[in-house]
Amino acid sequence: MKTIEVRNIVFGQGKPKICIPVMGKTIDDLKKEIEDLKGLSFDVIEWRMDHFIDILNVEKALEAIYLIRNLLKDIVLLATFRTLKEGGEMDISNEDYVSLNKVIIDSKQIDFVDVECFTGEKEVKEIIDYAHENGVYVIMSNHDFDKTPSYDEIIYRLRKMQEYNADIPKIALMPQNKEDVLTLLKATKDMSEKYADRPIITMSMSGMGVISRLAGEVFGSCLTFGAAKKASAPGQINVNELNEVLDILHRSI
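Using the working numbering, the first residue of the sequence shown is number 17, and each one after it goes up by one.
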């Protein structure tokens, strides 16, 4: 499996990297949220664009991304518009989704862009090609906040993302029981060992699925999400506690 190195952070090697979402609704909110990150240990910031109330105003969107990069300096930056159908804050047309992601890619401020796998084949390929042409990596994602599909379906979706040439396939699923968590972990292990030629990200959400956010180095997930204050998805735990557990596991492996 190849690794991906961005700003001296190597994805697919060692401990899972820690990503913290920032979800400010305004410029002032974003400033405060990023200032509050001082002293925390993390590798990636995810700007959740769907939380920003003026995100479809190009001028405001660019003002926000330049501010974030200026405040973060050399931290790896992922830009994500999570659509309503996949658990996000805002509905958006496919046309606007493509346009927004291209604007953010054009800013030259981001390292990764999130592309939802089931947006539409044409739109997905257009964003991936545009990102790669402009030196931006793609995390391709799929979220199900209701259930966990079968083992075969999880493998199918991750392999589909790989076929799209996403740099890092990602899947996040809601467990209904402990068996669902085990299904996700087995699919993660098998995908990383048998099918993946690149890093992958997987997680089982909610409190029941927290183990999947901690055990990525064991099963094959390269990144996990932690919360500074407010979690962006069910099951995210405090970043300081997350670091402690990841360190313990890393030393034991």
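Built from N, CA and C at the ideal position, the CB exists for glycine as well.
Opening and closing residue of the alpha helix (DSSP H) in which residue i lies
i    : result
S228 : V226 to L230
A80  : V74 to L88
E195 : K194 to D206
D112 : N110 to D122
V255 : V255 to S268
I171 : Y167 to E179
Beta-ladder partner(s) of residue i, from DSSP
i    : result
D160 : L189
S220 : L189
P37  : E62
E21  : V26
T135 : Paired residues: none, contrary to the question.
V92  : V60
Residue i - containing beta strand (DSSP E), residue span
i   : result
R64 : V60 to R64
Where residue i sits in the DSSP three-state scheme
i    : result
T42  : coil
Y153 : strand
A147 : helix
I69  : coil
F97  : coil
L239 : strand
I184 : strand
D127 : coil
Buried or exposed (CB count within 10 angstroms, at least 16 for buried), residue i
i    : result
E209 : exposed
E21  : exposed
I36  : buried
R267 : exposed
I264 : exposed
G28  : buried
M221 : buried
T125 : The question names Thr, but residue 125 in the sequence shown is Gln. Buried, since its Cβ has 16 or more Cβ neighbours within 10 Å.
M17  : exposed
Y172 : exposed
E62  : buried
Q192 : exposed
I269 : exposed
T199 : buried
E74  : At residue 74 the sequence reads Val, which differs from the Glu that was named. Looking at its Cβ environment, which holds fewer than 16 other Cβ atoms inside 10 Å, V74 is exposed.
E137 : exposed
Contact with chain B by residue i, beta-carbon distance below 9 Å
i    : result
I269 : This model lacks chain B altogether; it includes just one protein chain.
Q) Does the segment 100-119 touch the segment 129-140, meaning 3 or more C-beta pairs lie closer than 8 Å? A) yes
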